[in-house]
Every structure is written in C-alpha cells, then in structure tokens.
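See below for the structure under consideration.
Protein chains: 2
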Amino acid sequence: MDTHEPRWLDAEERQTWLSLAAMVINLSNALDAQLQRDAGISHFEYQVLATLSEANERTMRMSDLAAVTNGSLSRLSHVVKRLEKQGWVRRTPDPDNGRYTLAVLTETGWEKVVATAPGHVEEVRRLVLDPLTQAHQRTLRTIGHRVNQAIDPTSTCQE
Amino acid sequence: MDTHEPRWLDAEERQTWLSLAAMVINLSNALDAQLQRDAGISHFEYQVLATLSEANERTMRMSDLAAVTNGSLSRLSHVVKRLEKQGWVRRTPDPDNGRYTLAVLTETGWEKVVATAPGHVEEVRRLVLDPLTQAHQRTLRTIGHRVNQAIDPTSTCQE
DNA sequence: CCGATTGACTTGAAGCGTCAAGCGTCGACG
DNA sequence: CGTCGACGCTTGACGCTTCAAGTCAATCGG
Numbered sequence: 004m005d006t007h008e009p010r011w012l013d014a015e016e017r018q019t020w021l022s023l024a025a026m027v028i029n030l031s032n033a034l035d036a037q038l039q040r041d042a043g044i045s046h047f048e049y050q051v052l053a054t055l056s057e058a059n060e061r062t063m064r065m066s067d068l069a070a071v072t073n074g075s076l077s078r079l080s081h082v083v084k085r086l087e088k089q090g091w092v093r094r095t096p097d098p099d100n101g102r103y104t105l106a107v108l109t110e111t112g113w114e115k116v117v118a119t120a121p122g123h124v125e126e127v128r129r130l131v132l133d134p135l136t137q138a139h140q141r142t143l144r145t146i147g148h149r150v151n152q153a154i155d156p157t158s159t160c161q162e
Numbered sequence: 004m005d006t007h008e009p010r011w012l013d014a015e016e017r018q019t020w021l022s023l024a025a026m027v028i029n030l031s032n033a034l035d036a037q038l039q040r041d042a043g044i045s046h047f048e049y050q051v052l053a054t055l056s057e058a059n060e061r062t063m064r065m066s067d068l069a070a071v072t073n074g075s076l077s078r079l080s081h082v083v084k085r086l087e088k089q090g091w092v093r094r095t096p097d098p099d100n101g102r103y104t105l106a107v108l109t110e111t112g113w114e115k116v117v118a119t120a121p122g123h124v125e126e127v128r129r130l131v132l133d134p135l136t137q138a139h140q141r142t143l144r145t146i147g148h149r150v151n152q153a154i155d156p157t158s159t160c161q162e
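Heads up: the protein sequence lines correspond to chains A and B, in order. Counting the first sequence from 1 gives a position; the numbering used here is that position plus 3. Counting the second sequence from 1 gives a position; the numbering used here is that position plus 3.
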C-alpha cells in the first residue's frame with residue numbers, strides 16, 4: 004500500500020518491540036495455564052465471571068459485558084452458553100427492553116469466582132507486580148494508556 | 004490450593020493490571036488485523052516467515068523455529084504445512100541428522116516477507132514506538148525483561 | 001548387533017473464536 | 001396501526017490451536 008521507504012527499527016527499538024511481543028505472548032500463556040490448571044476455565048471465561056461478580060446485582064447486558072471484557076458479542080454468546088451449561092450464569096431477556104439479554108451470575112457462579120480469584124490475583128502479582136518497582140508500575144500505566152489510545156482513540160481512558 | 008488470605012490489589016495495582024491486560028489484548032488484535040488485511044496471513048505466520056528470512060541460509064530447524072517464535076512444535080508443524088502449500092517454505096530432513104527437519108524459506112517466501120515487512124514495521128511503530136518517549140521505551144524493555152524472567156527464569160535474556 | 005529408549009516431528013480429533021447469516025424486538029415514519 | 005429499518009443477540013460453518021497418539025531416526029545397554 005504505502006510505497007514510502009519504511010523507517011526500519013534500530014537496535015533499541017527492535018529490542019523494545021521484541022521484549023513487549025514476548026511479554027504479550029508469555030503473559031497470555033501463563034495466565035491461561037494457571038486458570039486452566041487451578042480452575043479449569045479460560046482467561047476469558049474468568050474475566051466474564053469476575054466482571055459479573057462486581058456488577059450491580061451481579062447482572063449485566065450481554066453487549067456491555069462484551070465491551071468490558073474486550074470480546075466480540077458472538078464470542079461472548081458462545082462462552083455464556085458454556086457457562087450457563089455449567090450453572091454459573093443464567094440468561095434472561097431484559098424486562099425493560101426485550102432486545103437486550105441480561106447475564107446474571109448464579110450463586111454457584113459466585114462461589115466459583117470466590118474460589119478462583121485469590122489464586123489468579125496471586126499469579127498476576129507474582130508475574131507482573133512483584134517484579135516491578137512502584138516507578139515501573141507508574142510508567143507501565145502510562146505506556147498502556149498511550150498504546151491503547153493509539154490503537155483505539157475512542158476507547159475509554161480507563162483501558 | 005492456597006488457603007492464605009490473598010493480598011488483594013489496591014486501586015493503583017488494579018489500574019496497572021487492567022492497563023496491561025487491555026494492551027495485551029488490543030495489541031494482539033490490532034497487529035493480527037493489520038497483517039490479515041494487508042497480507043492475508045496471521046501474526047504467527049508472519050513471525051515464522053520473518054524469522055526464517057533473517058536466519059543463516061534462510062533455513063532453521065523446526066524445533067529452533069518453534070522456540071524463537073514462542074510456539075509449540077505441533078502448532079509450527081501445522082503452520083509450516085500451510086506455508087508449504089503456499090510455496091513460501093520448503094521442508095527437508097537435516098542431512099546431518101535425520102531426526103531434525105529443516106524449514107527453508109523459498110524465493111517466493113522471501114518476496115512475501117519483503118512485501119509485508121514494511122507495513123508491519125510501520126504499524127508497530129505507529130502503535131507502540133511513536134506514542135512513547137525514549138525513557139518510556141527504556142523502561143518498557145526493563146519491564147518486559149523482568150516479567151519474562153518471572154514467567155520463565157530459564158528463558159534467554161533477549162526475550 | 002539388536003531391542004529398548006529417547007528425541008523430533010507429524011497427524012487426527014476435539015475445542016474455541018470468527019465470520020456471515022438469521023431471528024426477534026423496538027422505534028420511527030407514513 | 002402497519003411496515004420498515006436498526007439493533008441486540010444467536011447460530012452454524014469454517015479455520016486455527018491444542019492435545020494425545022503415532023512415526024521415524026538416533027542412541028544406549030546388553
């Protein structure tokens with residue numbers, strides 16, 4: 004598409020990029036592995052359950068849930084179907100507006116989150132927070148903010 | 004498993020984690036999308052082709068290639084089969100040791116990399132390097148190094 | 001030498017995510 | 001009111017990754 008001569012990466016930029024790329028891959032794998040091993044669920048399934056557990060009435064619209072968990076609506080629909088089969092989530096049409104579907108965390112689902120969260124938090128702490136100084140963490144927030152803005156300027160500044 | 008009371012995340016730690024988690028997801032998606040759109044290949048396929056293009060004789064053992072690209076041998080095997088079908092890679096047993104398989108980038112594969120790399124580098128630059136200061140980049144290398152070490156202490160320090 | 005073992009890789013089936021198409025509901029407009 | 005479009009969600013087919021089992025080559029032990 005772009006016929007301009009590309010600005011190639013110098014050694015340091017290259018190193019920055021390799022370091023980040025490896026971290027992205029390794030982190031995904033490590034967190035998925037921990038959750039799969041200790042709770043038998045994927046990282047995305049955990050995000051869905053955890054997000055619901057913190058929501059008002061432990062209830063959210065499917066579309067809002069998809070937005071918060073960074074997933075497509077279709078993916079969420081499949082995942083919630085599985086979670087429903089496990090008895091962790093229940094689906095019901097929104098009484099206020101029949102187009103919406105509400106996902107509700109069941110009592111069993113709540114217990115699953117309570118049982119799973121500590122181990123997951125501990126792993127996040129061990130892999131990400133503990134190895135970094137306060138200053139690193141502050142910079143990392145800035146970096147995350149800037150990169151996320153570059154990827155999607157319309158996204159909330161929380162991300 | 005661990006019955007100790009977990010150390011929950013405070014607001015800043017939480018923010019650090021959310022920021023990183025979102026960046027991880029968004030970056031994967033954005034880079035996959037760019038490569039799919041402009042070159043019709045996945046990020047992993049690109050990594051394989053790019054890694055081969057820089058290797059001695061444009062040739063590597065499957066197992067080394069899998070290690071460098073952070074993928075399982077099985078995954079690599081499937082992917083290389085697809086790349087072979089496209090004519091970008093050729094497989095041949097290692098003449099020195101029949102247990103190894105060598106993956107060789109063909110001339111057509113080289114041309115594919117040459118055509119694809121500039122756009123990809125430009126996207127990495129746009130999403131990651133340009134939004135960050137030199138100091139951010141330096142800190143990001145450190146962060147990547149420390150996190151990768153925490154995940155896998157045996158990995159090379161390059162990652 | 002020859003059988004057993006290990007290591008490198010491949011294969012096929014099963015599971016998950018994506019894409020495109022479809023369904024049902026709501027709101028607007030005539 | 002009736003219909004039409006838009007929206008929220010679901011579904012099924014397809015492609016990719018993974019997992020477990022299998023193949024083949026090299027090496028080790030007797």
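Just so it is clear, CB atoms sit at the ideal spot from N, CA and C, and this is done for glycine as well.
| Query | Result |
| --- | --- |
| Using three-state DSSP, classify Arg61 of chain B as helix, strand or coil. | helix |
| Is any beta-carbon of chain A found at less than 9 angstroms from that of Gly147 of chain B? | yes |
| Considering just the uninterrupted stretch of the alpha helix (DSSP H) at Leu76 of chain B, what are its terminal residues? | 76-88 |
| With DSSP collapsed to three states, give me the class of Pro121 of chain A. | helix |
| Short of 8 angstroms in beta carbon distance, which residues of its chain neighbour Thr104 of chain B, apart from the five on each side in sequence? Order them along the chain. | Arg64, Met65, Arg94, Thr95, Pro96, Asp97 |
| I want to see whether chain A comes within less than 9 angstroms of Thr19 of chain B, judged by CB atoms only; does it? | yes |
| Which of the three DSSP states is assigned to Thr109 of chain A in this structure? | coil |
| Arg40 of chain A by DSSP, collapsed to three states: which one? | helix |
| In chain B, what lies closer than 7 angstroms to Thr142 of chain A by C-beta? | His139, Thr142 |
| What residue range is occupied by the uninterrupted alpha helix (DSSP H) comprising Val150 of chain A? | 137-154 |
| Sort B:Gln37, B:Asp41, B:Val150, B:Asn29 by Cα distance to Ile154 of chain A and report the nearest one. | B:Asn29 |
| I'd like to know whether the C-beta of Glu162 of chain A is nearer than 9 angstroms to at least one C-beta of chain B. | Legend: pLDDT at Glu162 of chain A = 41, less than 50; position of this residue unreliable, no value from coordinates given. |
| Could you pull the start and end residues of the beta strand (DSSP E) that Arg94 of chain B belongs to? | 92-96 |
| Taking C-alpha atoms, which residue in B:Gln50, B:Glu126, B:Glu87 lies nearest to Ala25 of chain A? | B:Gln50 |
| Any idea what DSSP makes of Thr104 of chain B, helix, strand or coil? | strand |
| Can you find a C-beta in chain B that's less than 9 angstroms from the C-beta of Val82 of chain A? | no |
| Return yes when the Cβ of Arg141 of chain B is within less than 9 angstroms of the Cβ of Pro134 of chain A, no when it is not. | no |
| Does the Cβ-Cβ distance between Glu57 of chain A and Val82 of chain A come in under 9 angstroms? | no |
| I want to know whether the region 116-132 of chain B touches the region 31-44 of chain B - three or more CB-CB distances under 8 angstroms. | yes |
| Thinking just about the alpha-carbon of each residue, which of A:Trp20, A:Asn73, A:Ala33 is nearest to the one in Asn32 of chain B? | A:Asn73 |
| Taking 9 angstroms as the CB-CB cut-off, is Val27 of chain A touching chain B? | yes |
| In chain B, what lies closer than 7 angstroms to Arg128 of chain A by C-beta? | Arg10 |
| For Leu52 of chain A and Gly90 of chain A, what's the separation of their Cα atoms in angstroms? | 12 angstroms |
| Measuring CB to CB, does Arg78 of chain B end up less than 9 angstroms from Ala69 of chain B? | yes |
| I'd like to know if Leu30 of chain B contacts chain A, where contact means its C-beta is closer than 9 angstroms to some C-beta of that chain. | yes |
| Is the CB-CB distance between Leu55 of chain B and Leu108 of chain B below 9 angstroms? | yes |
| Just by C-beta distance, which residues in the region 37-48 of chain B are closer than 7 angstroms to chain A? | Asp41 |
| Mind listing the chain A neighbours of Asp163 of chain B? Cutoff is C-beta to C-beta under 9 angstroms, in chain order. | Any question about residue 163 of chain B goes unanswered here, given that chain B covers just 4 to 162. |
| Any Cβ of chain B within less than 9 angstroms of the Cβ of Asp5 of chain A? | In this predicted model, Asp5 of chain A has a pLDDT of only 45, less than 50, meaning its place in the structure is not dependable; the value taken from the coordinates is given anyway. Answer yes: the Cβ-Cβ gap between Asp5 of chain A and chain B drops below 9 angstroms somewhere. |
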